[in-house]
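Q:
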Amino acid sequence: MSNMNAMLKSPLVQQDNWQGVLQKACELVAPVWPLDEWIAVNPFWGMRHTPIHRADELLAARGGFSMLMPAEFYREARAGGRIGDADLQASIDELDAGGDIGFYEQWLSRRTTGADNARVSILDVLEPERSAVIPVADAVRDQVAAVCARFFDARQSQWMTSADGGDLFSYWLRSSREDRALDGRTGIRGARKRLLDVPQNLSEALPIVVSALGLTERELESVAHSLLLRINGWASWCRGVDWREGLENRASDRCGELLAVLLVWELVGLGCSTPEQRALWHKARSRARQPLDDSHPDGLWVWHRAYEAGYQRRLWRVLTASPVPGSEGAASETDVQAVFCIDVRSEVLRRHLEEVYPSVRTLGFAGFFGLPLTYRALGPLQPSRHLPGLLPASMELVDTLGSLGDDAAESRRLDQREVTRSSVRKAKYGSLSTFTLVETTGLAWAWKLVRDSLKQGHSTTDEPATVRMTAGQLVHRHNGKALSDQEKAALVAGMLRGMSLTRDFAPLVAFVGHGSHTDNNPNAAGLNCGACGGRSGAVSARLAAELFNDPGVRRALEEEQIVIPEQTWAVAAEHCTVTDEVTVLDAHHVPDTHADRLRQLQAGFERAACGARAERATVLKLNGMADQPLKEALKTRTRDWSEVRPEWGLANNAAILFAPRARTRGRDLGGRVFLHDYDPEQDEDGVILEALLAAPMVVANWINLQYMASVTVPEVYGSGNKLLHSVVGGNLGVVEGTGADLRIGLPLQSVHDGTCWRHEPLRLTVLVDAPRARITTALQRQSDAAALVNNHWVLLYRLCDGGVERYESGQWNVVEST
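Numbering of the sequence shown is given in my numbering, commencing with residue 1391 and proceeding in unit increments.
#1: At which residues does the alpha helix (DSSP H) containing TYR1464 begin and terminate?
#2: Given that a residue counts as buried once 16 or more other Cβ atoms are within 10 Å of its Cβ, and exposed if not, what is GLY1700?
#3: When DSSP labels each residue in this structure, what does MET1889 get in the three-state scheme?
#4: Around the C-beta of CYS2146, are 16 or more other C-beta atoms found within 10 angstroms, so that it is buried, or is it exposed?
#5: Please go through the segment 2014 to 2083 and give each complete beta strand (DSSP E) segment of 3 or more residues, from N-terminal end onward.
#6: Taking only runs of the beta strand (DSSP E) that begin and end inside the segment 2100 to 2128, which ones reach a length of at least 3 residues, in chain order?
#7: Using three-state DSSP, classify ALA2007 as helix, strand or coil.
#8: Following a CB-centred definition, is ALA1625 positioned closer than 8 angstroms to any heavy atom of the ligand ATP?
#9: Roughly how far, in whole angstroms, is the beta-carbon of ALA1420 from the beta-carbon of VAL1411, given that I think they are within contact range, below 8 angstroms?
#10: Evaluate THR2028 with the Cβ neighbour count: other Cβ atoms within 10 Å of its Cβ, from every protein chain shown; 16 or more gives buried, anything less gives exposed.
#11: Under 7 angstroms Cβ to Cβ from GLU2033, same chain only, skipping five residues before and after it: list those, please.
#12: Among all the DSSP beta bridges, which residues are the ones paired with TYR1765?
#13: Which residues does DSSP pair with VAL1658 in a beta bridge?
#14: Under the three-state reduction of DSSP, which class applies to HIS1672: helix, strand or coil?
#15: Kindly indicate which residue of VAL1599, VAL1515, CYS1628 and GLN1702 has the alpha-carbon position closest to the one of ARG1668.
#16: Assign SER1806 to buried or exposed, taking buried as 16 or more other Cβ atoms, counted over all protein chains shown, within 10 Å of its Cβ.
#17: Given a cut-off of 9 angstroms, decide if GLU1786 and PRO1748 are closer than it, judged by their beta-carbon atoms.
#18: Tell me the residue span of the alpha helix (DSSP H) that contains TRP1408.
#19: Answer yes if the segment 1881 to 1888 comes into contact with the segment 1751 to 1768, meaning at least three C-beta pairs across the two stretches below 8 angstroms, and no otherwise.
#20: If you drop the 5 nearest sequence neighbours on each side, which residues of the same chain put their C-beta closer than 6 angstroms to that of TRP1655?
#21: In chain order, what residues of the same chain lie with their CB nearer than 7 angstroms to the CB of ASP1475, ignoring the 5 residues before and after it?
#22: For TYR1747, which three-state DSSP category applies?
#23: Contact defined as beta carbons within less than 8 angstroms: I believe LEU2114 pairs with GLU2126. What is the distance between those atoms, to the nearest angstrom?
#24: Could you check which residue in THR1958, ASN1913, VAL1599 and GLN1876 has the C-alpha nearest to that of ALA1896?
#25: Please check the pair HIS1439 and ASN2181, which I expect to be a contact at CB under 8 angstroms, by giving their CB distance rounded to whole angstroms.
#26: Report yes or no: do the segment 1602 to 1619 and the segment 2108 to 2124 share at least 3 C-beta pairs separated by less than 8 angstroms?
#27: With ARG2196 as the anchor, note down where its beta strand (DSSP E) starts and where it stops.
#28: Figure out for me which residue from SER1930, ASN1939 and ASN1918 has the closest Cα to the Cα of LEU1898.
#29: Please classify HIS1904: does DSSP put it in a helix, a strand, or coil?
#30: Determine, using beta carbons only, whether ALA1469 and LEU1690 come nearer to each other than 9 angstroms.
#31: Helix or strand or just coil, what does DSSP make of GLU1800?
#32: Specify the secondary structure class of THR2167 as computed by DSSP and reduced to three states.
#33: For a quick check, are the C-beta atoms of PHE1559 and GLU1635 less than 9 angstroms apart?
#34: Who does ALA1872 pair with in a DSSP beta bridge?
#35: Indicate the three-state DSSP secondary structure (helix, strand or coil) for PHE1542 in the structure shown.
#36: Please list the terminal residues of the continuous alpha helix (DSSP H) segment that includes THR1576.
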């Protein structure tokens, strides 16, 4: 009887709550979304209840990496003046680190290496067979990743072995048993034979495997987390599947199934190991379970905090400077109120719009405008989510041309077009596509390549929601019933209260969504509106305007104590973040009484776009150009299939501010701050602030830490070189080169210009204009927000008269702004 068979028949080791331990390990991994609805994700979300410097130590022990930059980065920042003496001293004092400036300068000069490679897996100590070309652990990871790609890839599975709707574990076990090259592929002699002894049913196999490994609960969690980090891309994908199914109240445990696969490989490796190799494994495990130092952070954290303090010091100076003349703006002088998404790219355009059009008042609000919906267009496509990934959709916007007959005719036309596209797609992804598709369609493909090479093609994302020219029907998603006026009014009331706009309405209100138009870009959704599920915000903006203008909704709003004047009209618009052009949607519906104001607003948008383009030209290496050539150059980028940097997206984001616009109007925040309007005088009970900390702050944290991790740990949390990407499953994700693991996060080209980093890796600075007690109470009511603040995943401050205060363990301390 084989050694594996003996292990499987050994008595089950009694452990308390091993299922909970494995579940916890899975929850330490953050979810990811498919490419077509790709959104920014905090990759450390599962560790939010752990202090950040302790989480860093855990990742070093289990993953072999640090979430901070290497020492050389901070040495350069110090030498270049980016970290001053005041910044370093502030960091030492805040962290209560001990030592003085000289001590930490000497410490940094001696620091050479980061975290060591973790060796928690038994596979790390196995010697591969002579025929193997890569280490055993890497070979096993690639084997599991390849199976995951087949299991989840609906397109490839049209001609490869189908997953047939079963669980990942059973599919992997069956595939591995059928793979006659498994031993040579992994470098483990007898691996395939040993897998024959593993029960096919996951519920039977897992307890036996956990028992046979003989690990304590602490060791089991450490090993399980380490194994998931080894294949972090597919682990994150599985967590995303589980997350999205959970939003729909459906059970899913894909990450647990993947972890079971990895644990079986540990058991295979244990059965193939020598006593000496097992001794090395036990030594590595003992190091991983050593208690972590909770008293003081590593010296590198002192330098990183100093780096952050340097940015904050400059921000405090801008915010606490003397008020800009005319920045307050009396309500009676306001002709237009323009509501933008809080996206940092909007800050630049808003600033320039207010400069060229003084009678406009801009506001910031989440780009889905508080409308948690899916959008069902005519035709065969599935409904698309237009809301943050954190939230479930409760309603659906169903497109219509005005009659059932017209809708049916248009759907038939779109169905036929999709049938044609699907035929080409099947041929393209078929096993013989290399030989047949190009041969039979060569001239058509050649013309497309020539056209795209000349940058004359049509951008694949150049069709925002402007294609929907009639009002859709808003229905409850789960029963299809139309929303009543009262229900619509409740949505609008929540939206208006959330942006502190419940009175003093201007004659014209504009809801401005945003989108990014780029071609041949797998990561295009990441440049769109994250609050709209990685899509253009035009759909949400249009619906917000329609509801705002609806007479029945306005009457129902009066019951909510919100009165919109009859002479006030709302329009929708979309801001293209590549060119900074703003397109007003459905302008032909605007009454004649508002035509002049609309023309003035459109002219203001055009002038503001000129200023915004000029400001962004430098970082795009297009500075020195007149506006018209610059505008054409930016338009070209949207249809240039070879352009790897159509725009910088949210790179360099650093802070979020909840305050009235008067606090920041006329102040240059450098396109680095999420601006969300909040009037503390309209929120005495703190309910609005509580919602802001629970949602927009969390979303901004997800964006901020994804950008940070893509810079500091690109090999784990970035997606690598964009030029080497291959798309898996049409929209599932990307792999890099010949790699098998799914790559997540941002491509290198999204954060680096080839010479230097375009994103400063900083934690999010959160600034709130509200009384101390209100902020503290709001935190106490929102556990996730409190975890982010108390464990220093974000840095919380409040604006006060003439200064800034820092929150630390329930206390507020005045911050020096010099």
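Ideal Cβ positions, reconstructed from N, Cα and C, are used throughout, including at glycine.
A: Looking at the coordinates:
#1: In the DSSP assignment, TYR1464 falls within the unbroken alpha helix (DSSP H) covering 1461 to 1469.
#2: When all chains shown are included, GLY1700 counts as buried.
#3: Of the three classes helix, strand and coil, the one that applies to MET1889 here is coil, per DSSP.
#4: So CYS2146 counts as exposed.
#5: For the segment 2014 to 2083, whole beta strand (DSSP E) runs of length 3 or above, ordered along the chain, are 2045 to 2049 and 2063 to 2067.
#6: If you keep only unbroken beta strand (DSSP E) runs of at least 3 residues inside the segment 2100 to 2128, you get 2115 to 2118 and 2123 to 2126.
#7: Helix at ALA2007.
#8: The model depicted lacks the ligand ATP and carries no ligand whatsoever.
#9: Rounded, the Cβ-Cβ distance is 19 angstroms, inconsistent with contact.
#10: THR2028 should be labelled buried.
#11: The residues are ARG2027.
#12: Paired residues: SER1774 and LEU1787.
#13: Paired residue(s): none; VAL1658 is not in a bridge.
#14: The three-state secondary structure of HIS1672, taken from DSSP, is helix.
#15: Residue VAL1515 is the option with its Cα nearest to ARG1668.
#16: The identity of residue 1806 in the sequence shown is Gln, whereas the question assumes Ser. GLN1806 comes out exposed.
#17: The Cβ atoms of PRO1748 and GLU1786 do not sit closer than 9 angstroms to each other.
#18: Counting along the chain, the alpha helix (DSSP H) containing TRP1408 begins and ends at 1408 to 1417.
#19: By the Cβ test, the segment 1751 to 1768 is in contact with the segment 1881 to 1888, since at least three Cβ pairs between them sit closer than 8 angstroms.
#20: Beyond the five residues adjoining it in sequence on each side, TRP1655 comes within less than 6 angstroms, by CB distance, of VAL1530 in the same chain, given in chain order.
#21: Here the set comprises ILE1491.
#22: Residue state for TYR1747 is assigned as coil, using DSSP reduced to three classes.
#23: Distance from LEU2114 to GLU2126 at the Cβ level is roughly 5 angstroms; contact confirmed, criterion being Cβ atoms closer than 8 angstroms.
#24: Minimum Cα distance to ALA1896 is reached at THR1958.
#25: Going by Cβ atoms, the distance from HIS1439 to ASN2181 rounds to 7 angstroms, so yes, they are a contact pair.
#26: Counting C-beta pairs closer than 8 angstroms gives fewer than three between the segment 1602 to 1619 and the segment 2108 to 2124, which falls short of the contact rule.
#27: Boundaries of the beta strand (DSSP E) harbouring ARG2196: 2193 to 2198, taken from the DSSP string.
#28: Comparing C-alpha distances from LEU1898 to each of SER1930, ASN1939 and ASN1918 shows the shortest one belongs to ASN1939.
#29: Judged by DSSP in its simplified three-state form, HIS1904 adopts strand.
#30: With contacts defined by Cβ atoms closer than 9 angstroms, ALA1469 and LEU1690 do not form a contacting pair.
#31: Here GLU1800 carries a helix assignment [DSSP, helix/strand/coil].
#32: In this structure, THR2167 counts as helix in the three-state DSSP scheme.
#33: It is not a contact, given that the beta carbons lie outside the stated cut-off.
#34: In the DSSP output, where bridge partners are listed per residue, ALA1872 has VAL1865.
#35: Here PHE1542 sits in helix by DSSP.
#36: For THR1576, the enclosing alpha helix (DSSP H) has its first and last residue at 1572 to 1576.
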